[in-house]
Every structure is written in C-alpha cells, then in structure tokens.
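Residue numbers (this note's numbering), protein chains in the order written: chain H, 1 to 254; chain D, 1 to 225.
Here is the structure we will look at, set down as structure tokens.
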Amino acid sequence: MSFLDRIAEGWRKNRKPGYYENFDYHWTMTIDLDQCSGCGACVTACQAENNLPIVGEKAFAKGREVKWLRMEHYWEGEYPDVKLNIIPMLCQHCDNAPCETVCPVSATYHNQDGLNTQIYNRCIGTRSCAVYCPYEVRYFNYNDHTWDSPLDQQLNPDVSVREKGVMEKCTFCIQRVRQAKDTAKDDGRRRVRDGEVQPACVQTCPSQAMAFGDRNDPESNVSQTLAGPRAYRVLDELNTKSSVVYLKKVETEA
Amino acid sequence: MNVSIQPALKSLRTAALIALFALIGICFGYFFNFLVTDNPQVSAPEQPIAFSHKIHAGDNEIPCQYCHTEARRSPSAGVPSVSKCMGCHTEVATESPLIRQVTEYWENKEPIPWIKVHDLPDFVHFTHKRHVQAGVACQTCHGPVETMDRIAVHSRNNDGPTLFASTTGQITNLEASNSGATQNDHWEMGLCLNCHKQHDVVDGKAVRVAEGGFDNGLDCWTCHK
Ligand code: SF4
Ligand code: SF4
Numbered sequence: 001m002s003f004l005d006r007i008a009e010g011w012r013k014n015r016k017p018g019y020y021e022n023f024d025y026h027w028t029m030t031i032d033l034d035q036c037s038g039c040g041a042c043v044t045a046c047q048a049e050n051n052l053p054i055v056g057e058k059a060f061a062k063g064r065e066v067k068w069l070r071m072e073h074y075w076e077g078e079y080p081d082v083k084l085n086i087i088p089m090l091c092q093h094c095d096n097a098p099c100e101t102v103c104p105v106s107a108t109y110h111n112q113d114g115l116n117t118q119i120y121n122r123c124i125g126t127r128s129c130a131v132y133c134p135y136e137v138r139y140f141n142y143n144d145h146t147w148d149s150p151l152d153q154q155l156n157p158d159v160s161v162r163e164k165g166v167m168e169k170c171t172f173c174i175q176r177v178r179q180a181k182d183t184a185k186d187d188g189r190r191r192v193r194d195g196e197v198q199p200a201c202v203q204t205c206p207s208q209a210m211a212f213g214d215r216n217d218p219e220s221n222v223s224q225t226l227a228g229p230r231a232y233r234v235l236d237e238l239n240t241k242s243s244v245v246y247l248k249k250v251e252t253e254a
Numbered sequence: 001m002n003v004s005i006q007p008a009l010k011s012l013r014t015a016a017l018i019a020l021f022a023l024i025g026i027c028f029g030y031f032f033n034f035l036v037t038d039n040p041q042v043s044a045p046e047q048p049i050a051f052s053h054k055i056h057a058g059d060n061e062i063p064c065q066y067c068h069t070e071a072r073r074s075p076s077a078g079v080p081s082v083s084k085c086m087g088c089h090t091e092v093a094t095e096s097p098l099i100r101q102v103t104e105y106w107e108n109k110e111p112i113p114w115i116k117v118h119d120l121p122d123f124v125h126f127t128h129k130r131h132v133q134a135g136v137a138c139q140t141c142h143g144p145v146e147t148m149d150r151i152a153v154h155s156r157n158n159d160g161p162t163l164f165a166s167t168t169g170q171i172t173n174l175e176a177s178n179s180g181a182t183q184n185d186h187w188e189m190g191l192c193l194n195c196h197k198q199h200d201v202v203d204g205k206a207v208r209v210a211e212g213g214f215d216n217g218l219d220c221w222t223c224h225k
C-alpha cells in the first residue's frame, strides 16, 4: 500500500462515527436511580481518585468549579409538597460524541475500548468540546491549582495533575482500567474479568447503585441490566449513543 | 467627483509593511526556537558516590535486575537500597574509599541521595514491568549502560525528559571516561511510537513485525492519563 493510500484508508476509517467497528471492550456504567440515595460519596471518591482541584470561593462563584461527577438536583412541586429528584451526572462516553468532532487537535477521540479520551498534554484549551457537550460535564482549568500540605500527599501518582489551560472530564478511571488489564496480562489472561475494573465512584457507592462492566460481553453484569425495562439514556434523542445507562426510579404513590 | 487612488495605495503600503515585519518576526522566531530548544546536550549529573555501572554491569557482568529488582514487577525500575549494596560490600572491596562512603551511609541508617538521571515528564506513565516482561532489553532505551562510568543521557536544553543542566567541564570528563557512550536517542514520544509500530506482542513477547503494532499500545491513554 502506498503512503497516500494508507492515509486515505485511515481517513475513511476514522471519519466513521464510532470508528471502530468492534470495540475490544465497550465499557459501560449503569446507575440505578432507585438505589441512589444522593449521598454524594461518589463525588468525593472521584475528587480523591483523580486529583481534582478545590478551586476556591472566588472561582466557584464564577462557575469554575471542577467536578467530574456531580449531583444534579431537580425540585418538583411547591412547598410543602416538594419532591427532590437527584441524578449523578458524569461524562457519558458517547459513541457519537459531539465533543470529539470539534477538537482541532484530537485531544479527545474515541479509543478502541469505546471510551471518550482526554489527553491533557495535547489539549490546547480551545474549550469547543465543553460548548458541544450536551451534558455539560467538561471542565476547564482556568488556573493552576495547588494543594496545601499535607493534601499534596494524597495526590494519585497514576493520574496527571492538570495545569492551567487544559480541559478535563471523567475518564471512567482509565488508570484503574489499565491496571486491571495489566493484572490480566500478568496472569496470562487475554481479557479482563467482569467486575475486575471498578472506577472509584462505583467502588465507593454505599448503596451499590452504580455498576461498571463490558457491554460487549453478553454475560456481564451491565449487559444483563441493560436488557431490563427500566434502562434509559439521558438525552437519548440527541443520538449521542452514550455509555452511561440510568435505571429509572420506581415511583410509588403514597 | 475627484477620485484618488492615493488612500488605497497608502493602505496597501501599510499592509505590505506589516506583512514584511510579520515575515521577519516569523523567521526570527523560527531560528530562535531552533537555537534554544533544538540544542542536543549530554547530561550526566555527578552522583553523591561515584558509582560505576561499568565496573558492576560491565566488568563484573552483574545482571541489571540483580539490583534493579522492581523493574520486572512494577512500573518503576527502582533504585536499590543501601542494604543491597551492603549485601556484597560487607565482603567485597571493603577498604576502598568509595565503599567506605557507602558503609558510612549504612551505619548512619541513611539512604544515599542518588540523583535521578532518567526522568520522564509527569504526564507520561511508563511501565517498566510490561517492557521487561516482554523481553525488551534495558539498553534499548537506556543505551550501553554497562560501558558508562557515570550514567549519561542526551537531553535538550529546554525540553526533553532530563532537565539537568550539565556544565561543559563535566561533559568533557565524562566523554573521556565513557569513551563517548551515552543513551541512544532523545527520549521523546517518537522513540516509543516507532518501536510500538514495529512490534507486536506474541505469547507475551515483543516481536518485530512489518505492520501492525502492539495491541492497545498506540492509544494515547496507554501512557497519558
Ligand atoms: S458526555 Fe460530553 S464530554 Fe462525554 S463523550 Fe459525550 S459529549 Fe463528550
Ligand atoms: S468513573 Fe472515575 S473519573 Fe468517572 S466519575 Fe467515576 S470516579 Fe470520576
């Protein structure tokens, strides 16, 4: 194959939405809203695992908070007849990700595991991806952040500390995915077992509302859950084909 | 009405001037960048004890992993502890002045403050384990360490993995004692990618192939996360 043919081939392949015909794995998270109590342990876990900065009061007031996983609150009705609906919102790792198509430097792209990547050292901070993301889960570092001692001692060495001018978002705890693959290779296995990868939020959830696994494997925990009647995707009408699937809350009339 | 082309000419002249300055600026910037960043250097910091890899790994043929035991088990190759040194040097060459220094650290129960020579940027998460287990020789990346008295790497002035500025005097001494041997190449992403594109993993070992590359080895998230 000549050089030009190779480029053309690569172009054709990579322009296809969801451009790997078959993902090696298709990592998927399920969040059962019926089990979710809204405690926010996952938010804290994500913060600790992924070196998320505490931006401070001023930046917070400007809406520059960084929270890869946040709890969204929706109030219903008038006081005293109110109801609170909560939904944990994180990057949905869309297969048709709007954010990927706009990145001028391919700092965000789809990898062979069906994950929406974010490469910090490649990112030039145009922030277009944050504009295109319908879930508003991309966060920009407007400042360099510091960790006062002894907090700097708890930074995760497997995750880069992002600097000013870089976009970031939930990675499905890629460091843990890589670690599980590494362990699998050590054991001479080709594939990661179901339940071997546990992102920080999933691991922490006290009511076990979250689950993580490979959707390509029909036997896996998440595949079974997906087949259930309560499964739905947020903003499905936008055809983002997201990889985070929520399970509807069961309403009981009191 | 009196139409004059004078204003148009004038703005054309301004535009041409701006373009000219921009061109000069770009040329200057290009060469300045070349001058500052593309300046290969040899870096070899002086260690607290003049340890010689040549004597240990070269002349006495001690395998790398005898001391760097973590290389096959963990992402980081690890620097051997003082007890590892003392394992041999309670018996071997105990009277040499350099070994006396080691003994002193040992008796004071202090670690030797070795200086890191091969240092990757923080956004690169390299793992020694996978590479060592796949049968990649240490020398592939680290160069002919067994011929070096003092470990030396190529580095660039402004970027590149090693950020130690070395003085000219050190380099001359070093080149004399090492017969000029340094690490093969700059540690830049191309070094990793070239190798990954040329090899595949067969039965857990890296094998050279014409096309293809490591399964999973070309994803950015392999190293940057
Ligand atoms: S949820 Fe937003 S950031 Fe995540 S893949 Fe979809 S568009 Fe991109
Ligand atoms: S998967 Fe990991 S990065 Fe994503 S929200 Fe959960 S803890 Fe945070």
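Note that the Cβ used here is the ideal one computed from N, Cα and C, for glycine as well.
Nothing here was measured: the structure is a model prediction, and the numbers come from that model.
Roughly how many angstroms lie between the CA atoms of residue i and residue j, to the nearest whole one?
| i | j | result |
| --- | --- | --- |
| D:D159 | D:E46 | Bear in mind that the predicted position of D:D159 carries a pLDDT of just 42, short of 50, making it unreliable; the figure below should be weighed with that in mind. Cα to Cα, the separation comes out at about 21 Å. |
| D:K231 | D:V207 | With chain D covering 1 to 225 only, the question about residue 231 of chain D has no answer from this structure. |
| H:F212 | H:C36 | 15 Å |
| H:V250 | H:G40 | 20 Å |
| H:T204 | H:R138 | 22 Å |
| H:I86 | H:D95 | 25 Å |
| H:V202 | H:P88 | 12 Å |
| H:S242 | H:H93 | 6 Å |
| D:A176 | D:F28 | Residue placement at D:A176 is flagged as unreliable, the pLDDT there being 37, under the threshold of 50; a coordinate-derived value is accordingly withheld. |
| D:I112 | D:Y105 | 7 Å |
| D:P161 | D:V79 | Here D:P161 scores only 37 on pLDDT, less than 50, and its place in the model should not be relied on; the value that follows carries that caveat. Using only the alpha carbons, I get a separation of about 18 Å. |
| H:Y232 | H:S223 | 13 Å |
| H:Y74 | H:L33 | 13 Å |
| D:I21 | D:T69 | According to the sequence provided, residue 21 of chain D is Phe. The question's Ile does not apply to it. Rounded to whole angstroms, D:F21 to D:T69 spans 58 Å at the Cα level. |
| H:I7 | H:D24 | 23 Å |
| D:S179 | D:N60 | In this predicted model, D:S179 has a pLDDT of only 42, less than 50, meaning its place in the structure is not dependable enough to derive any value. |
| H:V43 | D:F126 | 28 Å |
| D:Y66 | D:V201 | 26 Å |
| D:R100 | D:H89 | 9 Å |
| D:S74 | D:H128 | 6 Å |
| D:K225 | D:V82 | 33 Å |
| D:V92 | D:A57 | 15 Å |
| D:F32 | H:M210 | 54 Å |
Have a look at the options and flag the residue whose alpha-carbon is nearest the alpha-carbon of residue i.
| i | options | result |
| --- | --- | --- |
| H:Y142 | H:C123, H:L151, H:V131 and H:G165 | H:G165 |
| H:C123 | H:D24, H:W75, H:M167 and H:T101 | H:M167 |
| D:F51 | D:V202, D:V201, D:S96 and D:E110 | D:S96 |
| H:V105 | H:F60, H:I119 and H:P98 | H:I119 |
| D:L120 | D:M189, D:I49 and D:K205 | D:M189 |
| H:G125 | H:R162, H:K181 and H:Q154 | H:R162 |
| H:S128 | H:D113, H:T108 and H:I7 | H:T108 |
| H:H110 | D:D219, D:K225 and D:C223 | D:D219 |
| D:T103 | D:K225, D:C85 and D:Q6 | D:C85 |
| H:T117 | H:G195, H:L52, H:I174 and H:S220 | H:I174 |
| H:S207 | H:I31, H:N22, H:R176 and H:G188 | H:I31 |
| H:R215 | H:P199, H:R190 and H:V244 | H:V244 |
| D:L193 | D:V117, D:G204, D:K205 and D:G217 | D:G217 |
| D:S227 | D:P7, D:K116, D:A19 and D:T14 | Nothing can be reported for residue 227 of chain D: it is not among the residues displayed for chain D, which extend from 1 to 225. |
| D:K295 | D:Q139, D:K197, D:C195 and D:V132 | Because chain D here runs from 1 to 225, residue 295 of chain D falls outside it and cannot be looked at. |
Going by DSSP, what residue range makes up the beta strand (DSSP E) through residue i?
| i | result |
| --- | --- |
| D:V202 | H199 to V202 |
| D:G217 | Premise fails: D:G217 is in no beta strand (DSSP E) and is neither H nor E. |
| H:I31 | W27 to D32 |
| H:R176 | Not the beta strand (DSSP E): H:R176 falls in the alpha helix (DSSP H), residues I174 to D186. |
| D:G206 | Reading the sequence as shown, one finds Ala at residue 206 of chain D and not Gly. Where D:A206 is concerned, the enclosing beta strand (DSSP E) stretches over K205 to R208. |
| H:A211 | M210 to D214 |
Could you check where the alpha helix (DSSP H) with residue i kicks off and where it finishes?
| i | result |
| --- | --- |
| H:L247 | That residue, H:L247, is in no alpha helix (DSSP H); its beta strand (DSSP E) goes V244 to L247. |
| H:A200 | A200 to T204 |
| H:S223 | N221 to L226 |
| H:V43 | A41 to E49 |
Within the segment 61-127 of chain H, ranges of the beta strand (DSSP E) (whole runs, at least 3 residues): List check, beta strand (DSSP E) in window: 70-76 and 83-89.
Along the segment 117-129 of chain D, what residues have a CB closer than 9 Å to any CB found in chain H? Shown in chain order are the members of the segment 117-129 of chain D whose Cβ falls below 9 Å from a Cβ of chain H: P121, D122, F123, V124, H125, T127 and K129.
So if I threshold CB-CB distances at 7 Å, which residues from the segment 142-155 of chain H count as touching chain D? Residues passing the 7 Å Cβ filter: none.
Which residue spans inside the segment 110-145 of chain D form an unbroken alpha helix (DSSP H) run of at least 4? Listed in chain order, they are 128-133 and 139-142.
Ignoring anything shorter than 4 residues or poking outside the segment 49-105 of chain D, list the alpha helix (DSSP H) runs there in chain order. If we require 4 residues or more, the alpha helix (DSSP H) runs fully inside the segment 49-105 of chain D come out as 64-67 and 82-89.
What are the residues of the segment 195-206 of chain D that lie near chain H, defined by any Cβ-Cβ distance shorter than 8 Å? Residues of the segment 195-206 of chain D with a C-beta less than 8 Å from any C-beta of chain H: G204, listed in chain order.
Using a Cβ-Cβ cut-off of less than 7 Å, give me the residues of the segment 33-62 of chain H that come near chain D, in sequence order. The segment 33-62 of chain H vs chain D, Cβ under 7 Å: nothing.
Please identify, using Cβ separations under 9 Å, the residues of the segment 119-139 of chain H that lie next to chain D, in order along the chain. The segment 119-139 of chain H vs chain D, Cβ under 9 Å: I119, Y120, N121 and R122.
Under 8 Å, CB to CB, which of the residues in the segment 225-241 of chain H have a partner in chain D? Within the segment 225-241 of chain H, no residue qualifies.
Chain-ordered residues of the segment 158-183 of chain H with a beta carbon less than 8 Å from chain B: Any reference to chain B falls outside this structure, whose protein chains are H and D.
Output needed in chain order: residues of the segment 95-113 of chain H with a Cβ under 7 Å from some Cβ in chain D. So the close ones are N111 and Q112.
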